[in-house]
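**Student:** Would you mind keeping the following structure in view while I ask a few things?
Residue numbers (the numbering used here): 2 to 957.
As structure tokens, then:
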């Protein structure tokens with residue numbers, strides 16, 4: 002095994018030598034170039050299915066137009082992030098709609114259930130009547146939901162189930178009709194429903210408002226036809242749709258009509274919607290139109306459309322439009338180059354632009370538990386009582402005539418045209434099997450009722466023997482149950498032609514299942530068009546469904562209740578976390594992950610018809626994740642593994658369904674470090690342990706060490722469309738060693754089992770016993786890779802520290818100053834130590850630069866402090882007001898009190914002036930003096946008004 006030592010040299014510039022001053026680079030997810038332009042796509046990170054809403058300046062407390070954006074996060078928790086921007090180019094996460102979407106098994110990785118690639122999809126965000134609304138669909142959690150709040154950044158959200166599924170729901174309030182609420186939805190065509198005024202029920206249906214068949218010969222129609230977003234512009238309703246015509250790329254299609262409901266609103270029932278192909282360039286597609294207010298009451302409309310850029314993900318782009326005759330042309334005459342540059346549509350003050358460039362949607366973290374509290378963290382759930390179990394139905398065969406030895410097919414019956422017959426020519430066991438013929442669709446097969454005997458919360462061992470003679474070399478068979486919530490695959494397996502094969506598995510019936518009416522059936526996987534397996538005739542024998550002793554996990558209050566730890570808004574858990582098994586308080590400044598259960602290998606993708614198995618890594622609960630960013634990025638952490646148990650695996654991952662990770666494994670008391678790489682193709686069944694074996698040549702015995710520093714460097718542009726990760730380790734954070742060659746390629750999984758960009762993950766799971774723990778000291782990001790061979794550079798950190806030391810606390814609000822000083826202390830501490838990677842420099846520099854930029858915006862217009870005090874002068878009260886000039890220029894000050902006014906002209910820098918006001922009163926109530934200060938600061942005339950409170954005073 003060859004280990005390459007990476008020498009970490011430091012190119013240092015002392016603060017005194019930082020002659021270029023403090024000019025920080027933009028955040029990792031900003032494409033703002035700092036010269037009034039930006040490039041597309043924005044963010045360089047996974048932000049799909051975007052919906053953008055403007056809150057006009059007249060309707061918010063900040064006095065400027067505010068923009069909010071929501072995105073899809075599927076199985077992640079918290080979910081449905083709310084992002085905020087002042088300029089539509091730079092964004093930060095300010096809130097989440099929910100902490101957890103559900104407390105059931107599938108959103109919590111319990112009892113074999115999961116929500117990979119499902120959960121929350123394609124939200125729409127709307128502002129109406131002073132309230133914010135979010136509508137989205139769930140593919141596996143009860144259909145669509147409507148959330149609302151009156152405070153989008155800090156408020157709690159109210160949740161309302163809509164009672165059914167609306168594909169890609171777009172909530173729209175028709176202000177031309179008094180704010181009537183509608184939901185537009187659909188895939189393949191666009192329909193709408195009208196909601197009641199209180200949004201609680203559907204009161205009218207409008208199917209097929211937009212149908213591709215109504216526009217024959219339109220080359221831009223076909224495929225997808227979903228993601229509708231509605232806007233009203235200059236007398237027309239515009240509907241944005243994403244399409245994917247055969248042989249073409251994804252593109253934007255725009256419909257417009259003077260009537261929102263189309264043919265349902267015209268006198269003759271004709272279709273008033275016109276259509277245009279709006280954008281067909283480099284795959285920029287689904288999204289919304291965004292209004293930008295201009296002088297004179299004019300409004301410009303841009304497009305915010307995402308582009309598939311896997312494995313980073315689906316990345317949005319703000320695209321300008323030129324409008325003519327009521328139709329937009331996006332980009333440069335319809336062309337939007339990848340990495341194309343456009344002028345920013347909204348310009349801000351220099352200080353605010355500098356701050357916006359520092360904001361982002363990824364961040365380093367020192368796990369100090371100092372993130373702001375948000376209302377979603379206090380989300381309330383009612384914990385259901387565990388279902389009652391009839392133990393007389395456990396351990397007994399629930400199938401009737403399971404081996405077909407009764408002399409009759411009954412109670413089995415054919416479904417979807419299947420013909421059933423007893424066959425004694427080649428049974429698996431006994432004298433008879435069941436022949437299943439006349440199959441035309443995947444569901445054609447035998448079924449029987451399990452009404453009232455299948456129990457909620459019980460795990461069942463499910464199996465059957467299957468044999469077929471003619472057809473594909475292998476066929477996957479599914480043993481399924483249906484209680485009205487869609488077909489649930491209880492067990493699945495691949496059967497080779499010509500050989501009796503046992504299909505088996507375990508399945509836990511959800512606690513929400515309606516088990517009064519249950520149908521059990523044998524099927525093959527669905528596909529469109531129907532695959533060859535749908536016509537395969539086969540023999541079936543020894544079908545079995547047996548309830549196991551109850552070991553089912555149930556949600557608990559402790560699992561869900563807040564645990565006193567608050568993570569930053571850039572973090573999301575891979576499924577809802579178990580709050581008993583993670584902490585930022587057990588060890589100050591560290592993230593602790595404790596294994597709560599042992600992985601089983603029994604989890605399968607509910608989303609996939611072949612019920613492909615999950616890896617142990619995917620089954621593990623409490624994996625903490627952040628977005629990656631492109632085109633390259635680095636993540637570093639320090640892992641204390643002294644609390645691991647035998648069989649535990651913990652480390653740093655760059656993951657999706659395919660993943661690459663570096664981890665410590667403890668086996669028989671020995672700790673070994675290594676790299677795991679899982680890439681396509683993904684088999685439906687496999688050996689979980691083998692899938693996560695270390696890559697040969699990457700294993701390092703750790704001996705007596707209890708800590709290790711881990712680093713992953715990922716490249717998404719070498720080549721484009723693939724993710725390749727190089728892992729490193731260090732025992733002291735200074736001398737780093739490469740773990741083999743770079744691993745990959747990580748690519749988009751065509752089954753869309755996860756359907757999100759690759760993410761960084763911190764994880765810990767148990768294969769033998771629960772209860773082990775690991776601690777992560779920090780998570781440090783950089784966009785510099787070790788392989789670039791650059792010396793560790795501190796110039797930006799030194800410049801930020803030097804700039805911070807020049808500032809005067811009197812120029813800033815106390816809270817903003819305190820936040821900057823805390824970041825400065827950490828930056829100074831980092832600078833005082835030896836530095837082994839650029840991550841160790843960039844993380845404190847980025848944190849300090851963000852706080853310095855915040856100070857630039859928070860700075861008082863004129864830095865003057867004022868105080869007032871009362872005292873007794875004989876029997877009367879005297880009020881003295883004192884002002885101090887903290888500016889570098891002279892200041893004019895006027896003090897106004899109930900007892901007189903005093904002006905101070907040309908108060909010199911650093912000078913304090915005071916004036917006593919004779920009240921001529923024995924009793925003076927508490928009050929305040931008003932102070933107005935004016936000066937020319939940085940060449941700009943400025944004025945500030947402040948108050949100086951004083952106490953009540955009585956003199957005798």
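For every residue, glycine included, the Cβ atom is placed at its ideal position computed from N, Cα and C.
Which first and last residues belong to the beta strand (DSSP E) in which residue 731 is found?
**Tutor:** 721 to 731 is the span of the beta strand (DSSP E), which, as asked, contains residue 731.
**Student:** For residue 661, count neighbouring C-beta atoms within 10 Å of its own C-beta (all shown protein chains included) and say buried if the count is 16 or more, exposed if not.
**Tutor:** Counting Cβ neighbours within 10 Å, residue 661 comes out buried, since at least 16 surround it.
**Student:** If you draw a straight line from the C-alpha of residue 956 to the C-alpha of residue 895, how long is it?
**Tutor:** Approximately 28 Å between the Cα atoms of the pair.
**Student:** Given this structure, state the Cα-to-Cα distance separating residue 509 from residue 461, to the nearest angstrom.
**Tutor:** When rounded, the distance between both Cα atoms is 6 Å.
**Student:** What separation, rounded to the nearest whole angstrom, lies between the Cα atoms of residue 189 and residue 210?
**Tutor:** About 11 Å.
**Student:** With distances taken from CA atoms, which of 542, 43, 658, 34 is nearest residue 504?
**Tutor:** Of 542, 43, 658, 34, the residue nearest in Cα terms is 542.
**Student:** Per DSSP, residue 205 is paired with what?
**Tutor:** Answer is 195.
**Student:** How would you label residue 17, buried or exposed, when you count the other beta carbons within 10 angstroms and need 16 or more for buried?
**Tutor:** Residue placement at residue 17 is flagged as unreliable, the pLDDT there being 32, under the threshold of 50; a coordinate-derived value is accordingly withheld.
**Student:** Over the uninterrupted beta strand (DSSP E) stretch that includes residue 320, give me the two end residues.
**Tutor:** First-last of the beta strand (DSSP E) with residue 320: 314 to 320.
**Student:** Looking only at its chain, what residues have a beta carbon closer than 8 Å to the beta carbon of residue 862, apart from the 5 residues adjacent to it on each side?
**Tutor:** Only 938, 943, 944, 945 meet the Cβ criterion.
**Student:** Could you pull the start and end residues of the beta strand (DSSP E) that residue 840 belongs to?
**Tutor:** Careful: residue 840 lies outside any beta strand (DSSP E), inside the alpha helix (DSSP H) at 839 to 859.
**Student:** State the Cα-Cα distance for the pair residue 224 and residue 246, rounded to the nearest angstrom.
**Tutor:** Looking at the two C-alpha atoms, the distance is approximately 5 Å.
**Student:** Indicate, with yes or no, if the ligand ADP has a heavy atom lying under 8 Å from the CB of residue 731.
**Tutor:** Inclusion of the ligand ADP in the displayed structure is not the case, the ligand content being empty and no account of it being possible.
**Student:** How long is the line joining the alpha carbons of residue 759 and residue 305, rounded to whole angstroms?
**Tutor:** Distance between the alpha carbons of residue 759 and residue 305 is about 22 Å.
**Student:** Output the boundary residues of the alpha helix (DSSP H) element that contains residue 806.
**Tutor:** First-last of the alpha helix (DSSP H) with residue 806: 796 to 806.
**Student:** When you compare each of 175, 507, 746, 316 to residue 601 by their alpha carbons, which one comes out closest?
**Tutor:** Checking every option, the nearest Cα to that of residue 601 belongs to 507.
**Student:** Spatial neighbours of residue 561 within its chain, please: C-beta separation below 7 Å, excluding the five flanking residues on both sides.
**Tutor:** Excluding sequence neighbours, residue 561 sits near 104, 382, 580.
**Student:** Under the three-state reduction of DSSP, which class applies to residue 536: helix, strand or coil?
**Tutor:** Residue 536 falls in the helix class under three-state DSSP.
**Student:** Give every residue of the same chain whose Cβ lies closer than 8 Å to the Cβ of residue 291, excluding the five residues on either side of it in the sequence, and list them in chain order.
**Tutor:** Cβ neighbours of residue 291 beyond the five flanking positions: 53, 55, 68, 89, 302, 303, 304, 305, 319.
**Student:** Look up residue 527 in the DSSP assignment and say whether it is helix, strand or coil.
**Tutor:** DSSP places residue 527 in coil when its eight states are reduced to three.
**Student:** Measuring alpha carbon to alpha carbon, tell me which of 884, 923, 344 ends up nearest residue 910.
**Tutor:** Among 884, 923, 344, the Cα nearest to that of residue 910 is on 884.
**Student:** Between the alpha carbons of residue 144 and residue 165, how many angstroms are there, rounded?
**Tutor:** Looking at the two C-alpha atoms, the distance is approximately 5 Å.
**Student:** Taking the continuous alpha helix (DSSP H) assigned at residue 966, which residues delimit it?
**Tutor:** The requested residue 966 is not part of the displayed model; the chain covers only 2 to 957.
**Student:** With contact counted as at least three CB pairs below 8 Å, one residue from each stretch, are the stretch 783 to 803 and the stretch 643 to 659 in contact?
**Tutor:** Because the criterion of three Cβ pairs below 8 Å is not met, the stretch 783 to 803 and the stretch 643 to 659 do not touch.
**Student:** Among 406, 472, 218, 521, whose alpha-carbon lies nearest the alpha-carbon of residue 455?
**Tutor:** Checked all of 406, 472, 218, 521; the closest Cα to residue 455 is 521.
**Student:** Between residue 203 and residue 465, what straight-line distance do the alpha-carbon atoms span, to the nearest angstrom?
**Tutor:** Computed Cα separation, rounded: 44 Å.
**Student:** Give, in chain order, every unbroken run of the beta strand (DSSP E) that is at least 3 residues long and sits entirely within the stretch 614 to 689.
**Tutor:** Segments of the beta strand (DSSP E) lying fully in the stretch 614 to 689: 625 to 628, 633 to 641, 649 to 656, 660 to 668, 671 to 679.
**Student:** Residue 200 by DSSP, collapsed to three states: which one?
**Tutor:** Correct three-state label for residue 200: coil.
**Student:** Find the nearest neighbour of residue 60 within the set 129, 40, 32, judged by alpha-carbon distance.
**Tutor:** Residue 129 is the option with its Cα nearest to residue 60.
**Student:** I'd like to know whether the C-beta atoms of residue 685 and residue 477 end up nearer to each other than 9 Å.
**Tutor:** A contact, by the Cβ cut-off of 9 Å.
**Student:** CB-CB under 8 Å to residue 707, same chain, minus the five flanking residues each way: which ones, in chain order?
**Tutor:** Answer for residue 707: 641, 642, 643, listed in chain order.
**Student:** Am I right that residue 48 and residue 316 are in contact with their C-beta atoms under 8 Å? What's the rounded C-beta distance?
**Tutor:** The pair is a contact, with the Cβ atoms about 7 Å apart (cut-off 8 Å).
**Student:** Please state the DSSP three-state secondary structure of residue 950.
**Tutor:** Here residue 950 sits in strand by DSSP.
**Student:** If the criterion is Cβ atoms closer than 9 Å, does the pair residue 307 and residue 709 meet it?
**Tutor:** Cβ distance not < 9 Å, so residue 307 and residue 709 don't count as in contact.
**Student:** Quick one, which of 815, 838, 448 has its alpha-carbon nearest residue 855's?
**Tutor:** For residue 855, the nearest C-alpha among the options comes from 815.
**Student:** When the Cα atoms are used, what is the spatial distance from residue 764 to residue 368?
**Tutor:** Each residue's Cα considered, the two are about 15 Å apart.
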